[in-house]
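This report concerns only the one structure given below.
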Amino acid sequence: MATGDAQVPQSQSKEGGSSAAKAFIPLENNPEVMTTLVHNLGLSSSLSFHDVFSIDDPELLAFVSRPAYALLLVFPCSETYEKFRREEDAERSEYDGAGDEEPVVWYKQTIKNACGLIGLLHGVSNGEARDFIEPSSDLSALLTSAIPLRPTPRADLLYNSRALESAHQSAAVLGDTVAPPADEKLDLHYVCFVKSKSDNHLWELDGRRKGPLDRGELKPEEDVLSERALDMGVRKFLRRETESEEGELRFSLVVLAPTME
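If you want it as structure tokens, here you go:
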């Protein structure tokens, strides 16, 4: 199942000036595809993406490799969610952080249908997962260049990265379903939850928002699939949709965790 985005802002490309947003083939919600993409960019084979089939059944959760370093939620951009997003963002200023002191690395999305890629980058760029990036890889070089930049030039870095575009293109055609055209409008979106290494907080990272969202503090031993993390993050998404007459429950979860032998 491929996923896409609502409209994203126009990009200010350093190579071509102001232009309509570049569009990528939507990335299929498929752990094997996601794993191939991040491994090709330079994440160690020690980590992989895995399906999460339940967040309430302890027996099913027990099959998920731990610790869980990043949790990707794929969900419909329902009117219930869009209303919540507009209301929450109305109270926030645009994020302008940069540098090594940031609790998390956040990427503003300016490429249409790249929400899956942005979600993966959020997952591997933050927390302890960052320690598994291979030195001298494309991913290492990209992160090193991105960290000192503020959100707009950081977005331009991704927009103009040929290594990133090539890796995404190669992975996007590997899914189980026929990939839709890059310019097709789809209604599903990716959000990534990570645990900051510096403050043990759970962060919600979404390139369509005004910046990273601090959802609260976790204990040092808790990961993003812990009960506390799920209550602060994913379950709030589910609760909003369940309690709304216009709500939708087409959710799925993928976790970045140790590769299972």
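Just so we're aligned, residue 1 is where the sequence shown starts under UniProt numbering, counting upward by one.
Note that the Cβ used here is the ideal one computed from N, Cα and C, for glycine as well.
Since the model is a prediction, treat every value here as computed from it, not as a measurement.
Contact set for residue i: own chain, Cβ-Cβ below 8 Å, skip 5 residues either direction
| i | result |
| --- | --- |
| R240 | T80, Y81, F84, G247 |
| P258 | S46, L47, S48, S65, R66, P67 |
| A146 | V105, Y107, S125, R154, L157, L158 |
| P181 | Only weak support exists for where P181 lies, its pLDDT of 49 falling under 50; the value from the coordinates is given anyway. So the qualifying residues of the chain are I25. |
Among the options, the one whose alpha carbon lies nearest that of residue i
| i | options | result |
| --- | --- | --- |
| P151 | V105, A163, V234 | V105 |
| L202 | L72, A155, E165 | L72 |
| E88 | Y159, L213, H122 | L213 |
| E94 | E101, E221, Y107 | Y107 |
| D57 | N200, L149, T144, E227 | E227 |
| T110 | A141, V194, V52, N160 | N160 |
| T242 | F24, V33, P76 | P76 |
Residues near residue i by beta carbon distance below 7 Å, same chain, minus five either side
| i | result |
| --- | --- |
| F132 | L43, S44, S46, L47 |
| D51 | P31, V254 |
| S252 | N29, V74 |
Cα-Cα separation, residue i to residue j
| i | j | result |
| --- | --- | --- |
| G233 | A172 | 27 Å |
| L256 | H122 | 11 Å |
| residue 265 | G127 | The shown model of the chain, from 1 to 261, leaves out residue 265, and the question about it has no answer. |
| Y190 | A114 | 9 Å |
| A21 | V224 | 32 Å |
| I55 | L61 | 7 Å |
Residues that residue i bridges to, as DSSP identifies them
| i | result |
| --- | --- |
| L73 | V191, L253 |
| L47 | P258 |
| K210 | Paired residue(s): none; K210 is not in a bridge. |
Cβ distance (whole Å) where residue i is taken to contact residue j below 8 Å
| i | j | result |
| --- | --- | --- |
| L41 | L174 | Incorrect: roughly 14 Å between the Cβ atoms, too far for contact. |
| L37 | A167 | 6 Å |
Closer than 6 Å: residue i CB and nearest the ligand ZN heavy atom
| i | result |
| --- | --- |
| L41 | Looking at this structure, you won't find the ligand ZN or any other ligand, since it has none at all. |
Same chain only: Cβ atoms within 6 Å of residue i, ignoring 5 sequence neighbours per side
| i | result |
| --- | --- |
| M260 | S65 |
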